[in-house]
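Here the sequence shown stands for residues 2 to 152, where the numbers follow the working numbering.
No residue lacks a Cβ here, since even glycine has one placed at the ideal position from N, Cα and C.
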Amino acid sequence: MKELKVITNSVDETHDLGKRIAEFSKANMVFLFNGDLGAGKTTLTQGIAKGLGVKRIVTSPTFNILKIYNDGRMPLYHIDAYRLEGCHQDLGFDEFLDDDGITVIEWSEFVPSLVPDHYMIVNIRLMQDDSREFIFTAFGAQYEKLLEDIK
Ligand code: ADP
Ligand code: MG
């Protein structure tokens with residue numbers, strides 16, 4: 002299964018979706034979240050964090066760019082590259098992104114060098130009635146399996 006579409010009607014439902022992703026994810030997985038400001042990228046990341054058992058509150062890392070949450074079942078690496086548009090420097094993040102945890106990247110188009118060969122893209126859209134549409138696209142066999150697990 003290469004693609005999965007999920008609609009959520011509340012923040013709680015989006016958190017539950019994130020928890021499901023966390024439950025079936027393997028260490029080393031990378032998720033690229035695309036969508037406008039306010040679409041729900043950080044909210045879905047909060048759900049993943051909850052699913053991993055992270056106690057700290059996940060907030061938008063816009064001013065930090067990278068936040069690492071270490072108190073869950075495995076580390077969560079949360080990158081928000083929004084402020085890196087047009088920045089072509091090597092940030093050295095690779096050193097921090099170990100294969101022992103899940104990585105979520107918001108605005109990954111601004112950090113193409115961080116995107117590995119295999120990953121999951123999640124395109125998030127705010128619908129007219131305030132619900133959210135999440136379209137998952139798997140690039141790699143383990144991500145296709147993940148879609149089977151969470152559907
Ligand atoms: P982004 O990281 O994409 O900029 P955020 O997750 O920070 O977006 O913000 C999403 C906003 O939309 C939050 O204020 C949240 O409360 C609100 N919201 C309303 N309905 C939903 C929903 N179904 N899923 C996610 N967020 C929702
Ligand atoms: Mg955000």
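Tell me E4's beta-bridge partners as DSSP assigns them.
Along the sequence shown, read from residue 1 onward, the residue named residue 4 stands at position 3. DSSP lists T138 as partners of E4.
Around the C-beta of R133, are 16 or more other C-beta atoms found within 10 angstroms, so that it is buried, or is it exposed?
Residue mapping note: residue 133 aligns to position 132 of the sequence shown, counting from 1. Buried.
Do you know whose CA, among K3, T9, M2, lies nearest F135's CA?
Start at 1 with the first residue of the sequence shown, and residue 135 comes out as number 134. Looking at the Cα atoms, T9 is the closest of the given residues.
Do Y78 and I69 have their beta-carbon atoms positioned less than 7 Å apart in this structure?
Position 68 of the sequence shown, counted from the start, is the residue given in the question as residue 69. Position 77 of the sequence shown, counted from the start, is the residue given in the question as residue 78. Yes, they are a contact pair.
If you follow the alpha helix (DSSP H) that H16 is in, where does it begin and where does it stop?
For this step, residue 16 is matched to residue 15 along the sequence shown. Start and end: 12–25.
For N124 and A82, what's the separation of their Cα atoms in angstroms?
As a first step, residue 124 must be located in the sequence shown, where it is residue number 123. As a first step, residue 82 must be located in the sequence shown, where it is residue number 81. Those two C-alpha atoms are separated by around 16 Å.
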